[in-house]
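> Numbering (the UniProt record's numbering), first residue to last: 1 to 184.
Heads up, the beta-carbon is just placed ideally off N, CA and C, and yes, glycines get one too.
The model shown is predicted, which means the values in this text are computed figures rather than measured ones.
1. Am I right that residue 73 and residue 107 are in contact with their C-beta atoms under 8 Å? What's the rounded C-beta distance?
2. Please report how far the alpha carbon of residue 81 lies from the alpha carbon of residue 139, in whole angstroms.
3. Provide the residue span of the alpha helix (DSSP H) that contains residue 104, from first to last.
4. Could you have a look at residue 36 and say whether DSSP puts it in helix, strand or coil?
5. If you pair each beta-carbon of the region 126 to 139 with each one of the region 40 to 54, do three or more pairs fall below 8 Å?
6. Residue 30: which of 122, 102, 124 and 144 sits nearest, CA to CA?
7. Using the three-state DSSP reduction, which class does residue 50 fall into: helix, strand or coil?
8. Looking only at its own chain, which residues have a Cβ that is under 7 Å from the Cβ of residue 61, when we skip the five neighbours before and after it?
9. What is the DSSP secondary structure of residue 8, counted as helix, strand or coil?
10. Determine the contact status of residue 125 and residue 177, defining contact as a CB-CB distance below 8 Å.
11. Consult DSSP for residue 151 and reduce its assignment to one of helix, strand or coil.
12. Evaluate residue 25 with the Cβ neighbour count: other Cβ atoms within 10 Å of its Cβ, from every protein chain shown; 16 or more gives buried, anything less gives exposed.
13. Evaluate contact between the region 162 to 179 and the region 82 to 90, counting only Cβ atoms and requiring at least three cross-stretch pairs below 8 Å.
14. What three-state label does DSSP hand residue 184 in the structure shown?
15. Quick one: what does DSSP say residue 3 is sitting in, helix, strand or coil?
16. Rounded to a whole number of angstroms, what is the C-alpha to C-alpha distance between residue 40 and residue 142?
17. What's the C-alpha gap between residue 88 and residue 119?
18. Answer with buried or exposed for residue 71, where buried requires no fewer than 16 other C-beta atoms within 10 angstroms of its C-beta.
What follows is the structure, encoded as structure tokens:
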């Protein structure tokens, strides 16, 4: 289990775009929940097949990774990473650039893994339980867990240190706009 950052002024289960770093961390928790659902689904299918519970689980995972996960990657790549690069001084700039480039590469690899998994989940949703590969699920889950651990350990603390309130407010506004959420 990943230890997520806790930022002052916001409880994890009520994270909002008003505190964007906490929101990103809370999204990591939701990704982990979906990954746990995938693992349970793999265990469920051999005995129960693609029953109603399996179809519902597959639909929930599909919905999350088709909608929320792309928003999360965009939050980071379009808003957070450029803000970090702008805020980094001469000493930090190279390290921030290396980190953000590496995380973008992770995002592309995760998206490739997702495309394979997505097709299998569509089959489960259509009633074909054996379509879900445990190896594909484990590759996806392991890659996401490693990625989340790195963002929690390196990215979010760096952002908390380097970004000021005005920048964080702009990031939060962009997150709301991306999701169609009205400003408070």
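Concretely, from the data shown:
1. 5 Å
2. 26 Å
3. Run containing residue 104: 90 to 125, per the alpha helix (DSSP H) assignment.
4. Of the three classes helix, strand and coil, the one that applies to residue 36 here is helix, per DSSP.
5. yes
6. Between residue 30 and the set 122, 102, 124 and 144, the nearest pair of CA atoms involves 144.
7. coil
8. 34, 37, 38 and 121
9. Here residue 8 scores only 40 on pLDDT, less than 50, and its place in the model should not be relied on; the value that follows carries that caveat. Residue 8 falls in the coil class under three-state DSSP.
10. Remark: C-beta atoms of residue 125 and residue 177 do not approach each other more closely than 8 Å.
11. Residue 151: helix per DSSP, three-state reduction.
12. buried
13. By the Cβ rule, the region 162 to 179 counts as touching the region 82 to 90, because three or more pairs are nearer than 8 Å.
14. coil
15. Residue placement at residue 3 cannot be trusted, given a pLDDT of 34 that sits under 50; the coordinates are not used to answer.
16. 15 Å
17. 40 Å
18. exposed
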